[in-house]
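Counting from 2, one number per residue, gives the positions in the sequence shown under the working numbering.
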Amino acid sequence: MTKAFTSFALVAVLTAALTALSLAVARHGYPFGLTGVARLEGIADPGMFLPLGAVYFLAAMLMMLLPLRAASFVLLNAADTLFWTVIALFGTIVGCVAARWAFGQNGALWTLWNWRFLFVAAVVGAHLVMNELRRNVLLRSLFLVVFAAAALACLFWSFAI
Numbered sequence: 002m003t004k005a006f007t008s009f010a011l012v013a014v015l016t017a018a019l020t021a022l023s024l025a026v027a028r029h030g031y032p033f034g035l036t037g038v039a040r041l042e043g044i045a046d047p048g049m050f051l052p053l054g055a056v057y058f059l060a061a062m063l064m065m066l067l068p069l070r071a072a073s074f075v076l077l078n079a080a081d082t083l084f085w086t087v088i089a090l091f092g093t094i095v096g097c098v099a100a101r102w103a104f105g106q107n108g109a110l111w112t113l114w115n116w117r118f119l120f121v122a123a124v125v126g127a128h129l130v131m132n133e134l135r136r137n138v139l140l141r142s143l144f145l146v147v148f149a150a151a152a153l154a155c156l157f158w159s160f161a162i
């Protein structure tokens, strides 16, 4: 948990520094400053958590089904990588928002009030309790269904409000 929070904070600070540099360059009238901001915000899209969540929950579902050796292969080569991708992407979003807020764009904080960030909490929460889920047969069976439903919802449900 500490490593995840440290990685999140470092990515957020580095992204905030790059976004602040781009905003400062744009404020001085150079057009490539806006290009830098657009590139950083291009990857900082909350909609990216839906496909990442679908793939992560499919990997989690496989970890509930497979024997220990195969499940550890899926954990190390898929689920863990997707977990760190979600952490880095969320850190990027928070860094961009923090830099915009520091430059006087107070409305940028409302970007963090997006329901798609619940998928960040779901992936992080599932990853942190994965070891406990693997040990208990009842929880493994229950979360097999939960992870299957989450993967299918992330993949096929439109989530249109």
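Note that beta-carbon positions come from the ideal geometry of N, C-alpha and C, so glycine has one too. Since this is a predicted model, take the numbers as computed values, not measurements.
Around the beta carbon of VAL121, 16 or more other beta carbons sit within 10 angstroms, so the residue counts as buried. Rounded to the nearest angstrom, the Cβ distance from THR20 to ALA100 is 4 Å, consistent with a contact under 8 Å. Check the Cα spacing between TYR57 and each of SER159, GLY126, LEU140: the tightest is with GLY126.
When secondary structure is reduced to three states using DSSP, MET2 falls in the coil class, being assigned neither helix nor strand.
The segment 126-136 makes no contact with the segment 21-28: fewer than 3 CB pairs, one atom from each, lie closer than 8 Å.
Counting along the chain, no alpha helix (DSSP H) covers VAL130, and no H or E run does either. In this structure, DSSP gives TYR57 a helical state, which the three-state scheme calls helix.
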